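Numbering-wise (my numbering), the sequence shown opens with residue 102 and increments by one.
Note that beta-carbon positions come from the ideal geometry of N, C-alpha and C, so glycine has one too.
Everything numeric in this text was worked out from a predicted model, so none of it was measured.
What follows is a set of notes on a single structure, which appears directly below.
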Amino acid sequence: MLAVLGTHVSAEPVPATVHFSAAGDFAATTNSTAVLNKINALDNDVHLALGDLSYGTTGQEQAWCDFVTSKVGAGYPFELVSGNHESNGLNGNINDFSACLPNQLPGAVGTYGRQYYVDVPAAAPLVRFIMISPSLTFPPSETYSYTVGSPRYDWTSQTIDAARAASIPWVVVGMHKPCVNVGKYGCEVGSDLFNLLLNKKVDLILAGHDHNYQRSKQLSLSAGCPTLTPGTYSAA
Numbered sequence: 102m103l104a105v106l107g108t109h110v111s112a113e114p115v116p117a118t119v120h121f122s123a124a125g126d127f128a129a130t131t132n133s134t135a136v137l138n139k140i141n142a143l144d145n146d147v148h149l150a151l152g153d154l155s156y157g158t159t160g161q162e163q164a165w166c167d168f169v170t171s172k173v174g175a176g177y178p179f180e181l182v183s184g185n186h187e188s189n190g191l192n193g194n195i196n197d198f199s200a201c202l203p204n205q206l207p208g209a210v211g212t213y214g215r216q217y218y219v220d221v222p223a224a225a226p227l228v229r230f231i232m233i234s235p236s237l238t239f240p241p242s243e244t245y246s247y248t249v250g251s252p253r254y255d256w257t258s259q260t261i262d263a264a265r266a267a268s269i270p271w272v273v274v275g276m277h278k279p280c281v282n283v284g285k286y287g288c289e290v291g292s293d294l295f296n297l298l299l300n301k302k303v304d305l306i307l308a309g310h311d312h313n314y315q316r317s318k319q320l321s322l323s324a325g326c327p328t329l330t331p332g333t334y335s336a337a
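Have a look at this one:
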């Protein structure tokens, strides 16, 4: 999981809190059970499931959903976004996972499990969760692109702007694949998307894919660093 903190600071005290957790790449092992039991023990408001869910057999999605709900409860907001293992049927189908672990939060906008956002709490939002699927291929053969000027890039940009315009204090973006990381993957989501999130000063970026825990220091763009180019750096 990669967490990138932005630079947003609320000018006034927030009268309430939202507690959430996030993780991806679950499977159904003893470790998975321990993670789900911990989520249940936290008693938080929502969990963001960042893709690569069961690693099981296509057609057995309901069994994995039952495994999850047996630990966290049937009505708990275990909110999904696809990973590469279920976007194209390799280890299940995201549509079927989305059916048996449906959205539990009011007011979600978009296609649950693929690209959507939801404000929490709904009545007086403190945070907008934006869930996207860069570089994932869905049937029949559509790869979700978030390059500059693409419809999905523009949707993401506008969804962030709308949250700011509505004075929602925090914006969190979740996806399966990371960009900046010390694991074995490069920036598969594309630098256009990552620079958009930095330019918009998104408060937190969450991803799975790498089977480890990572977090970065705060990142932001500046006159001296107008864009971030993955795999390069400027010497001090």
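Determine the DSSP secondary structure at residue i, reduced to helix, strand or coil.
i: residue 131; result: helix
i: residue 123; result: strand
i: residue 150; result: strand
i: residue 334; result: coil
i: residue 109; result: With a pLDDT of 47 at residue 109, under the threshold of 50, the modelled position of that residue is not reliable, and no figure is offered here.
i: residue 231; result: strand
i: residue 201; result: helix
i: residue 209; result: coil
i: residue 159; result: coil
i: residue 173; result: helix
i: residue 136; result: helix
i: residue 280; result: coil
i: residue 145; result: coil
i: residue 321; result: coil
i: residue 293; result: helix
i: residue 311; result: coil
i: residue 298; result: helix
i: residue 288; result: coil
i: residue 166; result: helix
Under DSSP, the alpha helix (DSSP H) around residue i begins and ends at which residues?
i: residue 304; result: Element bounds for residue 304: n/a, residue is neither H nor E.
i: residue 253; result: 252 to 266
With which residues is residue i paired in a DSSP beta bridge?
i: residue 214; result: 182
i: residue 243; result: 239
i: residue 191; result: 193
i: residue 220; result: 229
So, for residue i: in the same chain, excluding its five sequence neighbours on each side, which residues have a beta-carbon less than 6 Å away from its beta-carbon?
i: residue 294; result: 235 and 247
i: residue 126; result: 153, 309 and 312
i: residue 260; result: 218 and 231
i: residue 264; result: 229 and 272
i: residue 226; result: 220 and 269
i: residue 119; result: 146, 221, 227 and 228
Please go through the same chain and pick out, in chain order, the residues whose beta-carbon is closer than 7 Å to the beta-carbon of residue i, but skip the five residues on each side of it.
i: residue 202; result: 166, 169, 179 and 181
i: residue 122; result: 140, 143, 145 and 148
i: residue 114; result: Note that residue 114 scores a pLDDT of 49, beneath 50, so its modelled location is shaky; the value from the coordinates is reported in the next line. So the list is empty, once near-sequence residues are dropped.
i: residue 204; result: 180 and 213
i: residue 299; result: 320, 321, 322 and 329
i: residue 128; result: 155 and 156
i: residue 238; result: 188, 189 and 244
i: residue 137; result: 169, 172 and 173
i: residue 176; result: 205
i: residue 131; result: none
So the beta strand (DSSP E) residue i belongs to, where does it begin and stop?
i: residue 274; result: 271 to 276
Looking only at its chain, what residues have a beta carbon closer than 8 Å to the beta carbon of residue i, apart from the 5 residues adjacent to it on each side?
i: residue 223; result: 206, 207 and 208
i: residue 258; result: 297 and 301
i: residue 332; result: 287 and 288
i: residue 326; result: 335
Are the C-beta of residue i and some C-beta of chain D separated by less than 8 Å?
i: residue 213; result: Here chain D cannot be found, since the structure has a single protein chain.
Check your understanding: When the Cβ atoms of the region 197 to 204 are set against those of the region 158 to 174, are three or more pairs found closer than 8 Å?
Key -> yes
Discussion item. For the structure I just gave you, are there three or more beta carbon pairs, one from the region 296 to 305 and one from the region 266 to 275, closer than 8 Å?
Written reply: Contact between the region 296 to 305 and the region 266 to 275 is present, with at least three C-beta pairs closer than 8 Å.
Q: Could you tell me whether the region 278 to 288 touches the region 248 to 259, using the rule of 3 or more Cβ pairs below 8 Å?
A: no
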